[in-house]
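Numbering (this note's numbering), first residue to last: 25 to 281.
Ideal placement from N, C-alpha and C gives every residue a C-beta, glycine not left out.
Keep in mind it's a predicted model, so treat the numbers as computed, not measured.
Please read the structure below before turning to the comments.
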Amino acid sequence: MGINFLRGNPQAPKGHAIFIARSTNDPRTIFCTYCLVPPIPMSLTKYLPPLFAAQIPAEELRDAANVAGMPIPPMLEEATSLEYLEMLAERRDDDLCDIGTVSSRDEMSRMQMAALSSQEYAQMYANYASSLSLDSPGSPAIEEPTALDDLDAEELLLQTMSDRQKLAELGKLVGMARYALDGHDTALLKDTKKRMERIARLLAEKYRGTEVVAAAVNPDARGARLAELYLSRAFKLLDEEYAEIPGIERAIRELQE
């Protein structure tokens, strides 16, 4: 079931709404949460301390890069009564939305319903907001803050990594690039190359990150071996195993000839 507005206009959402859901076990039992769509683009990653951000997987950081609809609390909680919520919505001028039915015994479903309905409500608000315009000729233009894109979260994470972690991540992306080449996946290869170049720019020149990237995306069969050798050289340099480096560089030259 989608969102049913009990109060408010689905064509012009206010950006803040009380959600209600009825219990499948007892229709008289009402669950609720509050959905808020920030009027200004906001990225949670911008406010994370670097040390804390380093402990969070890149995928989760990317998810936090652009905040849309937020359910507060994140799970539907049992309400006092529908009448009380109707009174609150009226006094606070909130939208009041019925989002369906949910099992009172399934907390995961109550959390998922709150999250999914918040995403749907946020999309409705975004559609409405995109239709707004400043019609008054004398009104000054309002410049909306630029939202951080997905890769900004990855950039934040990379900056907190050690050289060893950066090289390990670069090694994973080399494998992804070779997979893209084998599968003739141009889009994946382009995206992977961009991510590798980001890491290479953050590495010292002695690690030859640029050469790793060039070898990784080289469709020639020697590319995979060259990338492997460049990475091996970088790790030997990092571990100060200098005696091993001349042999690796000799193998690189032989492949390049």
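Cβ-Cβ distances below 8 Å link Arg-129 to Asn-49 in the same chain, with the five nearest sequence neighbours on each side left out; the list follows chain order. Taking each of Pro-62, Ala-267, Thr-216 and Arg-246 in turn and checking the Cα distance to Ala-150, the smallest one comes out for Pro-62. Under the 8 Å Cβ criterion, the region 201-213 does not count as touching the region 180-191, having fewer than three qualifying pairs. Here the alpha carbons of Glu-101 and Cys-56 stand approximately 5 Å from one another. DSSP places Asp-119 in no alpha helix (DSSP H) but in the uninterrupted beta strand (DSSP E) bounded by 119-126.
Counting C-beta atoms within 10 angstroms of its own C-beta, Ser-142 has 16 or more neighbours from the protein chains shown and is therefore classed as buried. In this chain, the alpha helix (DSSP H) harbouring Tyr-145 covers 131-154. Per DSSP, the unbroken alpha helix (DSSP H) holding Pro-270 starts and ends at 269-280. In this structure, the alpha-carbon of Arg-225 lies about 39 Å from that of Gln-136. In the DSSP assignment, Ser-105 falls outside any beta strand (DSSP E) and carries neither an H nor an E.
Per the C-alpha coordinates, the member of Leu-253, Pro-34 and Gly-233 positioned closest to Leu-279 is Leu-253.
It is roughly 46 Å from the alpha-carbon of Gly-124 to the alpha-carbon of Ile-223. Contact between Cys-59 and Ala-41 holds, since their C-beta atoms are separated by about 5 Å, short of 8 Å. Collapsing the DSSP output to three states places Leu-253 in a helix.
Under a 10 Å Cβ-count criterion, Ile-96 is classified as exposed, with fewer than 16 other Cβ atoms of the shown protein chains found around its own Cβ. Per DSSP, Ile-54 lies in no alpha helix (DSSP H) segment; the continuous beta strand (DSSP E) that holds it begins and ends at 54-60. Going by beta carbons, Gly-32 and Asp-119 fall inside the 7 Å limit. Within the region 181-209, the runs of alpha helix (DSSP H) at least 4 residues long that lie entirely inside it are, in chain order, 187-206.
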